[in-house]
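Student: If you want the working numbering, it's the 1-based position in the sequence shown plus 115.
A virtual CB, placed ideally from N, CA and C, is assigned to each residue, including glycine.
None of these values were measured; they are calculated from a predicted model.
The structure's right below; bear with me while I get my questions together.
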Amino acid sequence: MKYSFISSLLYYLCGFIYMGFGTYALDNNAKSRVNMLFVFLMASTSSWAYAFSVSISAPAAETSAFWGCLSVFGWGIFYSIMLHFVILLTKTEFRINKYVAHAAIYLPSVINILLFSPFGFLAEKQYQMVKTDFGWINTLPVEAGDIWFMSYYLSYTLVIFVLLIRWWKKLEPNDPQKRQAKYFLLSLLFPLVMGLSTETIPDILGKGPYPELTVVFLMVPVAMLFSTLRKSGLLLEKPVQVSLPLKGDQLADADRFRMFRTVASIFTAGSAISFFIGYFAMKRTARDEILLAAALFALGLFIRIIPRISKNHAGQNTLFLIAGASSLFYLMKRNVETGAVTIWSIYILFFMFTVILDSKIHLAIYAGLVVLIQILFSLFYPDVTVRIDTNAYLTRVALVVLTYFAVRRLADEYTIKLNAHKKLINEQQVLEAISTNFITISSENVQEKIDEMLEMSAEALEFDYAYLISFSEDYEDAKVFSTYANNLDSGSLPYHPGMKIKTADLPMA
């Protein structure tokens, strides 16, 4: 099994990247149905890859088969989610009721779970694990369950390609989505061809055994889709951003929301890193490491929803303090025998983010807890002999990497905050200048003053043109009083002074 660790590392790395893609999409726009399906898609692929990572290097055949059964929550539901995702992406409409359509899409996934999960009808009967140079490989010949799954994923893949090709043909040649759709289609061919050639066909012919690498090959279309999301948002919906003046408390809420989101992402990444170090490097039991990873992941989810639990800043600070203290106590307790020689420094991450919280009381309480823990360690474990090995250094590297991303994100937060305050100050200065300018207003220069107001407002908001409009009492009708155009011909504007229009015809943000 000389390559089993490399195989596990490859699977685990793919799972970690998939989890990162999903976290990014969740942070980008959690309200978008397309984005949420992308998150579920990444959850299935990461579960698939993580389960394979543990299964292929498990200590015994029974353990390997159990983790293989758990992987059904990845490959068993992936194609259903993918089809649903493509239906929304291509805006495909069906004549049948949407609930009936959803049931038809996900029914095979339910069947897969009932058949192949750890407590399913087939369960471990579907596995005959044999040790190879690449780790544990299933050598069981093709049976009825395999034929069912092959039929499922091949038929769903065919429908996915048909929908994408139809969508691609309907797009106009000059539509930027057409090129993105073509690249996405081509990238989807890679895992299909490689999966058929390395898994499906060898299984049918009874050749092999070979490692199952479809979840690795899927990295190509997923990376393509993620790149499109990040750069242009053409294939995944982004929230509509409207430039509006923000008050001080609104800026603070936005800063805090981003901070909680960042800390939650660090906890999520930390859960995966801790399991890898504990299980694969330190050779601890899967049960203990799953418990730690699940605790960190749950705390990450909790921190992410803190702004939804409480709108009060003091309440948010208290909840964040509870999460930070809980994780610190748990990590210190797990490493009490070594005096927490490495993990004790994790508190630095919380100290950095309390800057955004702007609460001296909560910062002092957390600092007191950290000092108290060190005092208790000195009393109950005054002398601890510790052997520093590769695993300890690996843990330190992980802490440094997490701290690096935390510091980098914190620097980005300050840049965003500084730019927001600069914009707010600029807007206040413009309001002051407009107010001062109107002190000398008279019946002779009223139009001149209004034009100057529109010009200053447009420059402050970085608009090309501006209008002064009055509305009727019922807001049904509107009248344009004045217009401003930046380096444009006023005659080319859609509205002109004295023009009467319906409010419903006005472009609204």
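Compare the Cα-Cα distances from Q431 to each of S441, F444, F417 and report the closest residue.
Tutor: Considering only alpha carbons, the answer is F417.
Student: For L478, tell me which candidate among K297, L125, L464 has the shortest Cα-Cα distance.
Tutor: The shortest C-alpha separation from L478 is found at L464.
Student: Leaving out five residues before and five after F299 in sequence, what residues of the same chain have Cβ atoms less than 8 Å from its Cβ?
Tutor: Within the same chain, F299 has close Cβ partners L279, P336, M339, L340, T343, L350.
Student: Rounded C-beta distance between V595 and S572? I'm assuming under 8 Å.
Tutor: Their Cβ separation, rounded to whole angstroms, is 15 Å, which puts V595 and S572 out of contact at 8 Å.
Student: In the DSSP assignment, the beta strand (DSSP E) including Y127 goes from what residue to what residue?
Tutor: Element bounds for Y127: not the beta strand (DSSP E) but the alpha helix (DSSP H), 119-143.
Student: Less than 8 Å between the CB atoms is what I'm expecting for I316 and F375, so what's the real figure, rounded?
Tutor: Their Cβ separation, rounded to whole angstroms, is 48 Å, which puts I316 and F375 out of contact at 8 Å.
Student: Take every Cβ of the stretch 125-138, pair it with every Cβ of the stretch 154-162, and state whether three or more of those distances are shorter than 8 Å.
Tutor: Yes, the stretch 125-138 is in contact with the stretch 154-162.
Student: Use the C-beta contact count for R523: other C-beta atoms within 10 angstroms, 16 or more gives buried, fewer gives exposed.
Tutor: Burial call: exposed.
Student: May I ask which residues mark the beginning and end of the beta strand (DSSP E) holding N253?
Tutor: Looking at the DSSP string, the run of the beta strand (DSSP E) that includes N253 is 250-253.
Student: Restricting to Cα atoms, I'd like to know which of D592, A600, F332 is closest to Y582.
Tutor: Nearest C-alpha to Y582: A600.
Student: Leaving out the 5 sequence neighbours to the left and right, which residues in its chain are closer than 8 Å to S380 when beta-carbon positions are compared?
Tutor: Here the set comprises T138, D142, G415.
Student: Just to confirm my understanding: we take L286, look at its own chain, exclude 5 residues before and 5 after, and list those with CB closer than 6 Å. What are they?
Tutor: Cβ neighbours of L286 beyond the five flanking positions: Q292, K293.
Student: Ends of the beta strand (DSSP E) at V595?
Tutor: Its beta strand (DSSP E) spans residues 592-600.
Student: Grab the span of the alpha helix (DSSP H) containing S550 for me, first residue to last.
Tutor: That run of the alpha helix (DSSP H) goes 505-552.
Student: Whole-angstrom Cβ separation of V187 and N144, contact assumed at under 8 Å?
Tutor: Contact doesn't hold; Cβ gap of about 30 Å is too wide.
Student: Just the C-alpha distance for G483 and F578, rounded to the nearest angstrom, thanks.
Tutor: Near 51 Å, if we compare the C-alpha coordinates of F578 and G483.
Student: Find the nearest neighbour of T457 within the set A438, A513, Y481, judged by alpha-carbon distance.
Tutor: Looking at the Cα atoms, A513 is the closest of the given residues.
Student: Is the stretch 393-400 touching the stretch 525-540 in the sense that three or more CB pairs, one from each, lie closer than 8 Å?
Tutor: Verdict: no, contact absent.
Student: Just checking my contact of M244 with S172 at CB under 8 Å: how many whole Å lie between their CB atoms?
Tutor: About 12 Å separates the two Cβ atoms, so there is no contact after all.
Student: Please classify V245: does DSSP put it in a helix, a strand, or coil?
Tutor: The answer is strand: DSSP assigns V245 an E or B state.
Student: Roughly how many whole angstroms lie between the Cα atoms of F120 and A440?
Tutor: The straight-line gap from Cα to Cα measures roughly 35 Å.
Student: Below 9 Å between beta carbons: does that hold for V451 and Y496?
Tutor: Cβ distance < 9 Å, so V451 and Y496 count as in contact.
Student: With distances taken between CB atoms, is the gap from F200 to Y118 smaller than 9 Å?
Tutor: Contact: no.
Student: For the alpha helix (DSSP H) holding I616, just list the boundary residues, first then last.
Tutor: No alpha helix (DSSP H) holds I616; the beta strand (DSSP E) holding it covers 615-617.
Student: For C76, which option in D620, F382, F391 has the closest C-alpha, if you only look at C-alpha atoms?
Tutor: This structure gives no information on residue 76, because the portion of the chain shown stretches from 116 to 624.
Student: Round the Cβ separation of Y127 and S168 to the nearest angstrom and send it over; I've been treating them as touching at under 8 Å.
Tutor: Right, their Cβ atoms sit about 4 Å apart.
Student: Per DSSP, what kind of secondary structure is I211 in: helix, strand or coil?
Tutor: The answer is coil: DSSP assigns I211 none of H, G, I, E or B.
Student: Can you tell me where the beta strand (DSSP E) with S162 in it begins and where it stops?
Tutor: Looking at the DSSP string, S162 is not in any beta strand (DSSP E); the run it does join, the alpha helix (DSSP H), is 148-171.
Student: Note down, one range per segment and in chain order, each alpha helix (DSSP H) of at least 4 residues found wholly within the stretch 263-320.
Tutor: Entirely contained in the stretch 263-320, the alpha helix (DSSP H) runs reaching 4 residues are, in chain order, 291-310, 316-320.
Student: L237 by DSSP, collapsed to three states: which one?
Tutor: DSSP places L237 in coil when its eight states are reduced to three.
Student: Rounded to a whole number of angstroms, what is the C-alpha to C-alpha distance between P223 and S312?
Tutor: Taking the straight line joining both Cα atoms gives about 24 Å.
Student: Between W190 and the rest of its own chain, which residues show a CB-CB distance below 6 Å, the 5 nearest in sequence each way excluded?
Tutor: Same-chain partners within the cutoff: W163.
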